[in-house]
Amino acid sequence: MLLQFLIEAVIISVIGGLLGIIAGAGSSILLSRISGWAVYISPFSVA
Numbered sequence: 010m011l012l013q014f015l016i017e018a019v020i021i022s023v024i025g026g027l028l029g030i031i032a033g034a035g036s037s038i039l040l041s042r043i044s045g046w047a048v049y050i051s052p053f054s055v056a
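One rule links them: number in the numbering used here = place in the sequence shown (from 1) + 9.
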């Protein structure tokens with residue numbers, strides 16, 4: 010029972026983290042296209 014809870018918690022956390030990274034990168038790309046600013050997303054900013 011505890012193992013199932015831990016597995017579900019890890020899966021939900023990983024999915025949430027990936028969705029957050031995608032949303033952040035997508036919004037910065039969208040804002041760069043709207044404003045004309047150059048945007049660079051470094052791997053260190055994601056990690």
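Cβ atoms here follow ideal geometry from the backbone N, Cα and C, with glycine treated the same way. Values in this document were obtained by computation on a predicted structure and should not be read as measured data.
(message) Using C-beta distances below 8 Å, list every residue in its chain close to V48, excluding the 5 sequence neighbours before and after it, in chain order.
(response) The residue labelled residue 48 in the question sits at position 39 within the sequence shown. For V48, where only same-chain residues beyond five positions count, the Cβ hits under 8 Å are S37, I38, L40 and S41.
(request) May I ask you to report which of helix, strand or coil DSSP gives V55? (result) Mapped onto the sequence shown, residue 55 falls at position 46. It is helical.
(message) Quick check: what's the CA-CA separation for V19 versus Q13?
(response) For the purposes of this step, residue 19 is taken as the residue at position 10 of the sequence shown. For the purposes of this step, residue 13 is taken as the residue at position 4 of the sequence shown. Taking the CA atoms as reference points, V19 sits about 10 Å from Q13.
(request) Inspect the beta-carbon positions of I31 and V55 and report whether they are closer than 8 Å. (result) For the purposes of this step, residue 31 is taken as the residue at position 22 of the sequence shown. For the purposes of this step, residue 55 is taken as the residue at position 46 of the sequence shown. For I31 and V55, no; Cβs fall outside 8 Å.
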